[in-house]
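In numbering that gives the first Met the number 0, the protein residues as written are 0 to 275. For each residue, glycine too, the CB sits at the ideal point set by N, CA and C. Here is the structure we will look at, set down as structure tokens.
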Amino acid sequence: MSDQGEPLARIAAALEALAPPPAPKADWRSSPAYVWDGRGARGVGRLIAPDLALLRGIDGQKAAITANIARLAAGHAAHDMLLWGARGMGKSAVVRAGVAAAQTEAPGSLALVQVAQDALPTLAGLFAALGTLDDRRFLVFIDDLGFEDGDSTGPRLLRSWLEGGVEARPANVRLAVTANRRAIVARHLAEQDDPINPRDAVDDRLALADRFGLSIGFHNCSQDDYLAIIDGYARAHALAWDQGDALEWSRRRGARSGRVAWHYVTELAGRAGRAL
């Protein structure tokens with residue numbers, strides 16, 4: 000009689016792959032940050048963020064964002080935030096840095112929960128879990144958000160969560176969203192030529208942005224700001240640098256931004272045989 004154990008084991012393994020076991024429940028009080036993948040949450044033991052003092056060229060934006068995050072951590076009224084504009088100017092960095100600063104000021108009061116865009120339809124489940132924890136606040140962070148043409152579900156869900164929907168985010172949760180454009184939803188030049196409702200097309204896209212209590216623009220980096228960012232990083236890491244070399248670095252990349260400045264500082268450290 001042949002041994003049936005091996006075929007049965009293969010069948011069991013195949014069934015498990017088709018229907019994987021549920022993800023373990025997260026301990027929402029133990030970590031400074033989490034990653035939500037749509038099925039469950041994974042705790043992050045250390046929130047990596049730059050020092051707020053090193054984020055230069057965005058002083059006004061930084062002040063507004065960190066003040067709002069501090070209010071949330073303290074349990075005070077706080078806004079949902081849309082951070083939009085130029086790439087590489089510190090939109091996500093200032094969110095992480097603001098949360099880290101609030102955690103230093105009031106340990107355990109606030110956690111960052113990062114959500115990928117493809118997990119947006121599962122946010123109701125996340126909100127249900129977070130809403131039961133009235134002794135801790137959460138900033139749900141959606142980085143680099145943008146909706147495809149014809150996607151009406153994503154914007155509608157986001158509007159519902161921000162204002163008045165039956166699954167609106169709980170009182171201890173606020174959203175922080177970064178995007179390259181204020182309107183979030185893509186728009187085309189052809190819409191401007193629509194003889195029926197050219198203004199409505201624009202208003203519909205801005206209506207989503209207007210539901211955020213704070214809508215903060217990040218703009219292209221001036222040469223002075225770019226050099227100031229490099230100077231701050233270089234001083235913090237005791238690295239020598241040359242202005243002409245720094246400007247040549249930005250010219251070769253065709254851009255000036257906080258990200259390009261950091262890449263230059265990384266290059267400086269590498270040349271000096273140093274780690275950052």
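query, result
"Spatial distance of Pro169 from Arg55 (CA atoms)", "33 Å"
"Close beta carbons around Gly231, own chain, < 7 Å, minus the five adjacent residues each side", "Leu53 and Arg55"
"Any 3 or more C-beta pairs closer than 8 Å across the segment 115–126 and the segment 56–76", "no"
"Where Arg186 falls: helix, strand or coil (DSSP)", "Caution applies to Arg186, whose pLDDT of 49 falls short of 50 and renders its modelled position unreliable; the model cannot decide the point."
"Straight-line gap, Val112 to Pro6 (C-alpha atoms, nearest Å)", "42 Å"
"Phe140 in three-state terms, based on DSSP", "strand"
"Of the residues Trp35, Ala96, Leu267 and Leu82, the one placed nearest Asp143, counting alpha carbons only", "Leu82"
"Buried versus exposed call for Ile10 [16 or more other C-beta atoms within 10 Å across all chains shown]", "exposed"
"Same chain only: Cβ atoms within 6 Å of Ala69, ignoring 5 sequence neighbours per side", "Ala101"
"Three-way DSSP call (helix, strand, coil) for Pro6 in this model", "helix"
"Gly269 versus His262: straight-line alpha-carbon distance, rounded", "10 Å"
"Beta-bridge partners of Arg173, as assigned by DSSP", "Leu138"
"For Ala96 and Asp50, the rounded distance between their alpha carbons", "6 Å"
"Supposed contact pair Phe211 and Val172 - C-beta distance, whole angstroms, cut 8 Å", "Their Cβ separation, rounded to whole angstroms, is 14 Å, which puts Val172 and Phe211 out of contact at 8 Å."
"Identified DSSP bridge partners for Met80", "Ala175 and Leu213"
"Residue interval of the alpha helix (DSSP H) (run including Gly257)", "Gly257 to Arg270"
"Spatial distance of Leu129 from His236 (CA atoms)", "39 Å"
"Bridge partner(s) assigned by DSSP for Arg41", "Val34"
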